[in-house]
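Below is one structure, written out as structure tokens, with a few remarks after it.
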Amino acid sequence: MNATPTTMSASALEDEAPSAGMSLRRSTLQKLKRDKGAVISASLLAIVILAALLAPVLSPHDPYDNNLRNMLKPPVWAPGAVADHLLGTDGLGRDILTRLLYGTRTTLVMGISAVLAGGTIGAFLGLIAAYYKWLEGPIMRIVDILLSFPSILFGLAIAAVLGSGIFSIAIALTVSAIPNIARITRGAAVVQMQMEYITASRAIGMSDARIIWIHLLPNSASTIFVYLTLQLGQIILLGAALSFIGLGAQPPTAELGTMASEGRNFLFFAPHVSTIPSLAILVIVLCFNVLGDALRDVLDPRLRQ
Numbered sequence: 507m508n509a510t511p512t513t514m515s516a517s518a519l520e521d522e523a524p525s526a527g528m529s530l531r532r533s534t535l536q537k538l539k540r541d542k543g544a545v546i547s548a549s550l551l552a553i554v555i556l557a558a559l560l561a562p563v564l565s566p567h568d569p570y571d572n573n574l575r576n577m578l579k580p581p582v583w584a585p586g587a588v589a590d591h592l593l594g595t596d597g598l599g600r601d602i603l604t605r606l607l608y609g610t611r612t613t614l615v616m617g618i619s620a621v622l623a624g625g626t627i628g629a630f631l632g633l634i635a636a637y638y639k640w641l642e643g644p645i646m647r648i649v650d651i652l653l654s655f656p657s658i659l660f661g662l663a664i665a666a667v668l669g670s671g672i673f674s675i676a677i678a679l680t681v682s683a684i685p686n687i688a689r690i691t692r693g694a695a696v697v698q699m700q701m702e703y704i705t706a707s708r709a710i711g712m713s714d715a716r717i718i719w720i721h722l723l724p725n726s727a728s729t730i731f732v733y734l735t736l737q738l739g740q741i742i743l744l745g746a747a748l749s750f751i752g753l754g755a756q757p758p759t760a761e762l763g764t765m766a767s768e769g770r771n772f773l774f775f776a777p778h779v780s781t782i783p784s785l786a787i788l789v790i791v792l793c794f795n796v797l798g799d800a801l802r803d804v805l806d807p808r809l810r811q
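Quick note on numbering: our numbering labels position 188 of the sequence shown as 694, and the sequence is numbered without any gaps.
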């Protein structure tokens with residue numbers, strides 16, 4: 507007699523989470539549409555990502571095609587420009603617009619991959635630390651140790667072991683993303699662990715894995731997602747900085763930080779070589795930060811009526 511009600515209660519608890527999630531997503535999208543900054547940032551990011559994905563189609567030239575006769579040509583709005591190079595050329599005569607498209611793709615792939623990998627590991631550690639109290643101490647002490655080191659130090663250490671390059675920088679960025687996301691996830695999950703539905707789930711015999719996957723993760727997801735969005739801008743900026751000092755993508759690979767670094771020698775007479783990729787980094791990071799702030803305001807329970 508007791509088996510049927512228990513089964514029905516478990517099904518009801520499992521069915522309630524997806525419907526609540528759908529309602530929250532609709533409400534979030536409606537509120538975001540009313541935020542002009544979020545709309546503009548999301549639109550710019552969509553354009554940037556689409557342009558990066560379509561780089562082989564949109565690019566007017568080969569990103570690695572040198573032409574010393576056209577070296578350091580200014581953009582079209584400056585005197586002496588060449589019509590075939592809208593944003594000018596760099597010190598080797600390569601088209602900056604083409605390299606900007608390919609460089610944006612490389613930068614975004616490195617940043618997004620690192621945040622997804624680091625976010626997955628960090629979220630897993632945070633959820634485990636919140637659910638199993640006996641693991642909370644060891645996990646959070648490791649997180650505290652990782653947080654005590656500057657992020658750029660990971661790049662220096664990993665580059666010293668593995669050598670500079672995209673693979674090394676991806677590992678450094680992933681490791682840098684783990685501790686902050688683990689800490690944020692653990693904080694959000696600890697709040698959810700005090701809720702009655704966790705006690706009810708345990709009472710009906712639901713396994714730990716199902717409780718974490720069906721209840722704890724979805725109800726902590728909004729906080730995790732907001733921080734991942736904010737973290738993405740910081741990780742992209744860190745990756746560009748490491749590439750700028752020579753630890754990331756190596757020439758002739760098109761990457762925004764590397765492109766900005768290559769233009770340092772021409773700042774006084776051809777500033778566009780360095781400033782254009784730097785402005786691209788600025789726009790990408792700023793859009794992710796503005797969008798993350800908007801998501802935080804929308805998803806913060808204290809601001810939701």
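We put the beta carbon where it would ideally sit given N, CA and C, even for glycine.
Could you give the DSSP three-state label for Thr595: helix, strand or coil? On the sequence shown, residue 595 is found 89 positions in, with the first residue counted as 1. Strand at Thr595.
Rounded to the nearest angstrom, how far is the Cβ of Ala766 from that of Phe750, given a contact under 8 Å? As a first step, residue 766 is located in the sequence shown; it is residue number 260 there, counting from the start. As a first step, residue 750 is located in the sequence shown; it is residue number 244 there, counting from the start. About 6 Å; that satisfies the 8 Å criterion.
Which runs of the alpha helix (DSSP H) fall wholly inside the region 655-679 and span at least 4 residues, in chain order? 657-668
When you compare the region 720-731 with the region 695-711, are there three or more beta-carbon pairs, one atom per stretch, that lie closer than 8 Å? yes
How big is the Cα-Cα spacing for Ile672 and Val621? For the purposes of this step, residue 672 is taken as the residue at position 166 of the sequence shown. For the purposes of this step, residue 621 is taken as the residue at position 115 of the sequence shown. Ile672 and Val621: Cα-Cα distance of roughly 15 Å.
DSSP-derived helix/strand/coil call for Asp541: Your numbering for residue 541 matches position 35 in the sequence shown. Three-state DSSP puts Asp541 in coil, outside helix and strand.
Taking Cβ positions, are Leu738 and Ser657 nearer each other than 8 Å? Along the sequence shown, one-based indexing puts residue 738 at 232. Along the sequence shown, one-based indexing puts residue 657 at 151. No.
Rounded to whole angstroms, how far is the Cβ of Ala589 from the Cβ of Pro581, which I believe are closer than 8 Å? As a working mapping, residue 589 is identified with position 83 in the sequence shown. As a working mapping, residue 581 is identified with position 75 in the sequence shown. Not confirmed; about 11 Å, so no contact.
Taking C-beta to C-beta, are Ile730 and Thr680 nearer than 8 Å? By 1-based counting over the sequence shown, the position of residue 730 is 224. By 1-based counting over the sequence shown, the position of residue 680 is 174. Going by C-beta atoms, Ile730 is not nearer than 8 Å to Thr680.
Supposed contact pair Phe660 and Ala678 - C-beta distance, whole angstroms, cut 8 Å: Here residue 678 corresponds to residue number 172 of the sequence shown, with the count starting at 1. Here residue 660 corresponds to residue number 154 of the sequence shown, with the count starting at 1. The pair is a contact, with the Cβ atoms about 5 Å apart (cut-off 8 Å).
Which residues does DSSP list as the beta-bridge partners of Asp601? To locate residue 601, count along the sequence shown from 1; it is residue 95. Asp601 is bridged to Thr595.
Only counting the same chain, and skipping five residues up and downstream in sequence, which positions put a Cβ closer than 8 Å to that of Ile555? Start at 1 with the first residue of the sequence shown, and residue 555 comes out as number 49. The answer, listed in chain order, is Leu614.
Buried versus exposed call for Asn771 [16 or more other C-beta atoms within 10 Å across all chains shown]: Position 265 of the sequence shown, counted from the start, is the residue given in the question as residue 771. Asn771 should be labelled exposed.
For Leu598 and Asn573, what's the separation of their Cα atoms in angstroms? Reading the sequence shown from its first residue, position 92 is the one you call residue 598. Reading the sequence shown from its first residue, position 67 is the one you call residue 573. Cα to Cα, the separation comes out at about 6 Å.
Beta-carbon separation (whole angstroms), Ile684 vs Ile627, contact threshold 8 Å: For the purposes of this step, residue 684 is taken as residue 178 along the sequence shown, with counting starting at 1. For the purposes of this step, residue 627 is taken as residue 121 along the sequence shown, with counting starting at 1. Contact flag correct, Cβ pair sits at about 5 Å.
Since I believe Ala715 is in contact with Asp541 (beta carbons under 8 Å), could you give me their beta-carbon distance rounded to a whole number of angstroms? Counting from 1 along the sequence shown, the entry for residue 541 is found at position 35. Counting from 1 along the sequence shown, the entry for residue 715 is found at position 209. Contact doesn't hold; Cβ gap of about 37 Å is too wide.
Under the three-state DSSP convention, the category Gln698 falls into: Residue mapping note: residue 698 aligns to position 192 of the sequence shown, counting from 1. Correct three-state label for Gln698: helix.
Inter-stretch contact at 8 Å, needing at least 3 Cβ pairs: the region 545-561 / the region 603-612: yes
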